[in-house]
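There are 2 protein chains.
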Amino acid sequence: MSFSPLIRQLIDALRVLPGVGQKTAQRTALHLLERDRSGALRLAQALTQAMEGVGYCQRCRTLSEEDVCSLCLDPRRDDSLLCIVEGPMDVYAVEQTGYRGRYFVLKGHLSPLDGLGPEAIGVPELLKRIDEGAFSEVILATNPTVEGEATAHYIAQLLANKGLVTSRIAHGMPLGGELELVDGGTLAHALAGRRPISL
Amino acid sequence: MSFSPLIRQLIDALRVLPGVGQKTAQRTALHLLERDRSGALRLAQALTQAMEGVGYCQRCRTLSEEDVCSLCLDPRRDDSLLCIVEGPMDVYAVEQTGYRGRYFVLKGHLSPLDGLGPEAIGVPELLKRIDEGAFSEVILATNPTVEGEATAHYIAQLLANKGLVTSRIAHGMPLGGELELVDGGTLAHALAGRRPISL
Chain A
1 MSFSPLIRQL
11 IDALRVLPGV
21 GQKTAQRTAL
31 HLLERDRSGA
41 LRLAQALTQA
51 MEGVGYCQRC
61 RTLSEEDVCS
71 LCLDPRRDDS
81 LLCIVEGPMD
91 VYAVEQTGYR
101 GRYFVLKGHL
111 SPLDGLGPEA
121 IGVPELLKRI
131 DEGAFSEVIL
141 ATNPTVEGEA
151 TAHYIAQLLA
161 NKGLVTSRIA
171 HGMPLGGELE
181 LVDGGTLAHA
191 LAGRRPISL
Chain B
1 MSFSPLIRQL
11 IDALRVLPGV
21 GQKTAQRTAL
31 HLLERDRSGA
41 LRLAQALTQA
51 MEGVGYCQRC
61 RTLSEEDVCS
71 LCLDPRRDDS
81 LLCIVEGPMD
91 VYAVEQTGYR
101 GRYFVLKGHL
111 SPLDGLGPEA
121 IGVPELLKRI
131 DEGAFSEVIL
141 ATNPTVEGEA
151 TAHYIAQLLA
161 NKGLVTSRIA
171 HGMPLGGELE
181 LVDGGTLAHA
191 LAGRRPISL
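Line by line, the protein sequences are chains A and B. Okay, so the first sequence: first residue is 1 according to UniProt numbering, each after it adds one. Okay, so the second sequence: first residue is 1 according to UniProt numbering, each after it adds one.
This is how it looks when you write it as structure tokens:
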């Protein structure tokens, strides 16, 4: 037997959610139908409103329903610092560290094999943003992956003659990690980047 | 910093999904906004249509968008067999075994501590359905939990004088299980329910 058409359509649609396969979609659909129809209707409305209402900030290009996001408008932030990240989720991660400069959000990282060159990830807009601003330091906070490193290196080269300090986030041991479990590349970075202990 | 209002509303709404906490909801919201807006809009529409369009079959009380579901209308099924389960998901599970009789779907199991008595789970409707039908056997396929057993026992008592065979699904070792891993109660059932090997 098969599910009735509307239930089948809901199960198929639920599979757009990351990590949701056929079985989870079935359970979720029946759970919502049996236990929480008002919650499901609220979810439908929230999805529609967010997908239609949320765009990108014109200045930092993070997700925002305003033309310019609240982070870019906040007058208390440090206008001399610009942090470059690969996506909006990274902005939230960096915010939790207490960083209070400005941001620029790339659309991912350079990936020539996928046809993603500098234009596709928004490098021209980044250069325009830097020229318009009055930054003294640009922090390259792309992910510490091969593609993220290449993207950081590429951008650093473009900025070489602009009279800016260009920095890269540190690589090393994650807090709570164990030396015997960490990969060799990370440990090599941790050794090379060692610092004197100030007592 | 906090997410913008529409994104925050979407994150909150996503938490109606079973097993989705704050972090998964955030990732899901940003994933949909960045990668699959059309899929998210399809999901919103499917949710609305299903929540508003799917009700319960008048005969077997499973989820159905028609007054009487396709299982109840199918003339090729065995009208002498009735299988009683705790929920719509159980119907799909039993269907996969090749069972081709009729169904009746309770609203869960008896749970006096939660105030769920026979009326709340639909026992009166079950008795009406049995009186209207021409069943020779009623299979009690509630879950093998304390509550499910109590529910099966209670219904079996109600049906004692109706001239029906009342049966309970077998308890024993699940296929692929290991004796040393299974609990004592299951193993005791498996021993007590042993059958002669027919060669």
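Idealized CB from N, CA, C, for every residue including glycine. If you're wondering where the values come from, they're calculated on a predicted model, not measured in any experiment.
Discussion item. Residues of chain B with CB closer than 9 Å to the CB of residue 86 of chain A, please, in chain order.
Written reply: Within 9 Å Cβ-Cβ: nothing; residue 86 of chain A doesn't reach chain B, min ~11 Å.
Fill in: Under 8 Å from the C-beta of residue 157 of chain A: neighbouring residues of chain B
Simply none; closest approach about 27 Å.
Worksheet entry | Proximal residues of chain A, C-beta to C-beta of residue 64 of chain B below 7 Å | Chain A residues near residue 64 of chain B: 4.
Worksheet item: Is residue 83 of chain B helix, strand or coil when you go by DSSP?
Response: DSSP places residue 83 of chain B in the strand class (E or B) of the three-state scheme.
Worksheet item: Do the CB positions of residue 190 of chain A and residue 169 of chain A come within less than 7 Å of each other?
Response: Judged by beta-carbon spacing, residue 169 of chain A lies beyond the 7 Å limit of residue 190 of chain A, meaning their Cβ atoms are not closer than that value.
Worksheet entry | Spatially closest choice to residue 126 of chain B from B:57, B:30, B:31, by CA coordinates | Checking every option, the nearest Cα to that of residue 126 of chain B belongs to B:57.
Discussion item. Within 7 Å of any Cβ in chain B, is that where the Cβ of residue 145 of chain A sits?
Written reply: Among the residues facing chain B, residue 145 of chain A is not included, as its CB has no counterpart in that chain under 7 Å away.
Practice prompt. Would you kindly report the start and end of the unbroken beta strand (DSSP E) that includes residue 71 of chain B?
Written response: For residue 71 of chain B, no beta strand (DSSP E) run applies; the uninterrupted alpha helix (DSSP H) run containing it begins and ends at 70 to 73, by DSSP.
Worksheet item: Listing by chain order, which chain B residues have their CB less than 7 Å from the CB of residue 44 of chain A?
Response: Against residue 44 of chain A, the close residues of chain B are 44, 47, 48, in the order they occur along the chain (beta-carbon pairs closer than 7 Å).
Discussion item. Once the 5 residues before and after residue 186 of chain A are set aside, which same chain residues still bring their CB inside 6 Å of it?
Written reply: Take residue 186 of chain A, set aside five residues on each side of it, and no residue of its chain has a beta-carbon closer than 6 Å to its own.
Discussion item. Would you say residue 28 of chain A lies against chain B (beta-carbon separation less than 7 Å)?
Written reply: Residue 28 of chain A counts as touching chain B.
Worksheet item: What residues are listed by DSSP as bridge partners for residue 137 of chain A?
Response: Looking at the DSSP assignment, residue 137 of chain A forms a beta bridge with A:81, A:165.
Practice prompt. On the DSSP bridge assignment, give the partners of residue 103 of chain B in chain order.
Written response: According to the DSSP secondary-structure assignment, residue 103 of chain B is paired through a beta bridge with B:83.
Worksheet item: Whose C-beta lies closer than 8 Å to the C-beta of residue 80 of chain A among residues of the same chain, with five residues either side of it excluded?
Response: The residues 101, 134, 135, 136, 137, in chain order, have a CB closer than 8 Å to that of residue 80 of chain A in the same chain once the five nearest residues on each side in sequence are set aside.
Discussion item. Looking only at its chain, what residues have a beta carbon closer than 6 Å to the beta carbon of residue 149 of chain A, apart from the 5 residues adjacent to it on each side?
Written reply: Result list for residue 149 of chain A: empty, nothing under 6 Å.
Worksheet item: residue 41 of chain A and residue 89 of chain B: beta carbons closer than 7 Å?
Response: No, the Cβ-Cβ distance between residue 41 of chain A and residue 89 of chain B is not below 7 Å.
Worksheet item: Excluding sequence positions up to five away, which residues of its chain have a Cβ less than 8 Å from the Cβ of residue 164 of chain B?
Response: Here the set comprises 130, 135, 136, 137, 138.
Fill in: Within-7 Å CB hit, residue 25 of chain A to chain B
Interface residue (Cβ-Cβ distance to chain B less than 7 Å): residue 25 of chain A is not classified as such.
Worksheet item: From A:178, A:29, A:46, A:166, pick the residue whose C-alpha is nearest to that of residue 14 of chain B; which is it?
Response: Taking each of A:178, A:29, A:46, A:166 in turn and checking the Cα distance to residue 14 of chain B, the smallest one comes out for A:46.
Worksheet item: So with Cβ pairs under 7 Å, would you call residue 78 of chain B a contact of chain A?
Response: Not one chain A Cβ lies under 7 Å of residue 78 of chain B.
Item to complete: Identify the contact partners of residue 200 of chain B in chain A, using a Cβ-Cβ distance below 7 Å as the criterion.
Response: In the structure as shown, chain B starts at 1 and stops at 199, and residue 200 of chain B therefore has no counterpart that could be examined.
Worksheet item: With burial defined as no fewer than 16 other Cβ atoms inside 10 Å of the residue's Cβ, what is the status of residue 145 of chain A: buried or exposed?
Response: Burial call: exposed.
Fill in: For residue 4 of chain B, the nearest candidate out of A:54, A:175, A:176, A:95 (CA to CA)
For residue 4 of chain B, the nearest C-alpha among the options comes from A:54.
Worksheet item: What in chain B is Cβ-close to residue 41 of chain A, meaning under 9 Å?
Response: Result: 47, 48, 51, 52.
Worksheet item: Going along chain A in order, which residues have a C-beta closer than 8 Å to the C-beta of residue 34 of chain B?
Response: Those are 63, 87, 88, listed as they occur along chain A.
Discussion item. Run through chain A and tell me which residues come within less than 7 Å of residue 31 of chain B, C-beta to C-beta.
Written reply: What residue 31 of chain B touches in chain A: 18.
Worksheet item: For residue 9 of chain B, which residues of its own chain have a beta-carbon under 6 Å away from its beta-carbon, when the five flanking residues on both sides are left out?
Response: Taken in chain order, the list of residues that qualify is empty.
Discussion item. Against chain B, does residue 10 of chain A count as a neighbour if the rule is that its beta carbon must be under 7 Å from one of theirs?
Written reply: Yes - at least one Cβ of chain B is within 7 Å of the one on residue 10 of chain A.
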